[in-house]
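**Student:** Shown below is the structure under consideration.
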Amino acid sequence: LMKVFTSTLCTTLHTPQYEFLSGAQTHYYESPERLEAILQYLTSNPDSFEIMEHVEDFGYEPIKRVHKQDFLEYLKTAYEEWIKEGGHPNGVLPATIPHFKLARLGKLRPSNILAKSGEFCFDLSAVITKDTFKAAWNAAQVTLTATKDLVRISDEFEKSVAAGTVSRENPPGLYALVRPPGHHAQSDVCGGYCFMNNVAIATQWLIDQPDLKGKDGGPKKIAILDIDFHHGNGTQEIFYTVSNPLYTSLHSNEDYPYFSGSDLEKGEGEGLGFNINIPLPHTTTDDDYVETLEKLIKDHVIPYQADYIIVSLGVDTFKDDPIAGFLVTSEGYPRIGNAIRKIGLPTLFVQEGGYCIEKLGINVGGILKGYLGKA
Ligand code: OKP
Ligand code: ZN
3 LMKVFTSTLC
13 TTLHTPQYEF
23 LSGAQTHYYE
33 SPERLEAILQ
43 YLTSNPDSFE
53 IMEHVEDFGY
63 EPIKRVHKQD
73 FLEYLKTAYE
83 EWIKEGGHPN
93 GVLPATIPHF
103 KLARLGKLRP
113 SNILAKSGEF
123 CFDLSAVITK
133 DTFKAAWNAA
143 QVTLTATKDL
153 VRISDEFEKS
163 VAAGTVSREN
173 PPGLYALVRP
183 PGHHAQSDVC
193 GGYCFMNNVA
203 IATQWLIDQP
213 DLKGKDGGPK
223 KIAILDIDFH
233 HGNGTQEIFY
243 TVSNPLYTSL
253 HSNEDYPYFS
263 GSDLEKGEGE
273 GLGFNINIPL
283 PHTTTDDDYV
293 ETLEKLIKDH
303 VIPYQADYII
313 VSLGVDTFKD
323 DPIAGFLVTS
333 EGYPRIGNAI
343 RKIGLPTLFV
353 QEGGYCIEKL
363 GINVGGILKG
373 YLGKA
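Counting in this note's numbering, the sequence shown runs from 3 upward without gaps.
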């Protein structure tokens, strides 16, 4: 049985009416219906999943460890300022974003909302509504609640393994079913439907726990596996110069966010070698994906000797995803879950993308059931 951490606030808060795709106004793809579809599937599989709606409050501190104060202040106040200055009620969207070719970039930081909307956001999909701050805060708190439980179940797991009552081949897993997603959110810029980086906040919290000691007496080590179709530029940026966590990502080599995700981005300083990007072509099938994932696990994840795995779980790799898509089918997802189980470490899955509403349940459920050894 896998515990699923979620909250009703994930469906009631943050509901922008539209976004822009290829220059046209469309409905907002990152919708509450996504979460409802997944929840619906999990609830109808009570032999595999137990839904937990209790959310603990970890406060501001774990969020401030990852995101800059001025950015958080912006997320909190942007909508009100936007409306006061005559902005459209759909929410805050930038019209001018500081382009890297502009002269003396960074010297001018005007405090009016139109300038700030560009300074703190890198695209047109991260619409800030009246309750976006609260929604992102809630998603982070749900993820932290699951993370705290990850510590508990992995302690139990280690004891049971030592006692010989459980085999390492069946590590425990948890799932944080949250929105808005997080992996595009950097330390001080939102974008790609993401405002606060749930996976990064959870990871940093684990590293920061004073009584959580790893094998060498230092902090626990975390390996992040980002299997969303899109590159997690936010998680990469946040941890680019550190050796814990290891960030690994499989993603499209020719899609959003376009300006990050190359295999030449390997980390810097102490972090050099701890950022692994594997860009893949649109022609990627189930076999291709699983084979590449298994190789990534064998070459990078296993040698890292992590204590925990955190998965940025996107299913926009699906062949019929409306805004993305490799050729991965619903039969491929259990195989992906199985490959992750074989790592043999306690794993927290955190929801990121996936926009084919009709198949979201079976696809996410496929990964989780594969992890449980039930598919
Ligand atoms: C989020 B996740 C920008 C159009 C691009 C954003 C895609 C975000 C994907 N105007 N759309 O990684 O699933
Ligand atoms: Zn995605």
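Beta carbons are placed, not taken as given, at the ideal position from N, Cα and C, and that holds for glycine.
Taking the alpha-carbon positions, what's the E239 to E171 distance?
**Tutor:** E239 and E171: Cα-Cα distance of roughly 33 Å.
**Student:** Can you tell me the Cα-Cα spacing of E256 and A326, whole angstroms?
**Tutor:** 11 Å
**Student:** Who are the near neighbours of V6 in its chain, counting only those whose CB is closer than 7 Å to its CB and skipping five residues on each side?
**Tutor:** L44, F51, E52, I53, M54, Y177, L179
**Student:** Should Q188 and V57 be called a contact, given that it needs their Cβ atoms to be closer than 8 Å?
**Tutor:** no
**Student:** Verify whether the separation of the beta carbon atoms of A148 and L11 is less than 8 Å.
**Tutor:** Judged by beta-carbon spacing, L11 lies beyond the 8 Å limit of A148, meaning their Cβ atoms are not closer than that value.
**Student:** What do you reckon, is the C-beta of P18 under 7 Å from a heavy atom of ligand 1?
**Tutor:** no
**Student:** Quick one: is G375 buried, meaning 16 or more other Cβ sit within 10 Å of its Cβ, or exposed?
**Tutor:** exposed
**Student:** Please classify H302: does DSSP put it in a helix, a strand, or coil?
**Tutor:** helix
**Student:** Based on the DSSP secondary-structure assignment, which residues constitute the bridge partners of T349?
**Tutor:** G175, I311
**Student:** Verify the contact flag: Y335, CB atom, against every heavy atom of ligand 1, threshold strictly below 7 Å.
**Tutor:** no
**Student:** Is E52 helix, strand or coil by DSSP?
**Tutor:** strand
**Student:** Is the segment 246 to 256 touching the segment 300 to 309 in the sense that three or more CB pairs, one from each, lie closer than 8 Å?
**Tutor:** yes
**Student:** Touch check for the segment 211 to 226 and the segment 309 to 316: three-plus C-beta pairs under 8 Å?
**Tutor:** yes
**Student:** Tell me whether the beta-carbon of V68 lies closer than 8 Å to the beta-carbon of Q206.
**Tutor:** yes
**Student:** On the DSSP bridge assignment, give the partners of K136 in chain order.
**Tutor:** DSSP lists no partner for K136.
**Student:** Evaluate Y260 with the Cβ neighbour count: other Cβ atoms within 10 Å of its Cβ, from every protein chain shown; 16 or more gives buried, anything less gives exposed.
**Tutor:** So Y260 counts as exposed.
**Student:** Using beta-carbon positions only, say whether Y30 and P18 come within less than 8 Å of one another.
**Tutor:** Their beta carbons are under 8 Å apart, which means Y30 touches P18 by this criterion.
**Student:** Over what stretch of residues does the alpha helix (DSSP H) that includes F7 continue unbroken?
**Tutor:** Run containing F7: none in the alpha helix (DSSP H); it sits in the beta strand (DSSP E), 4 to 7.
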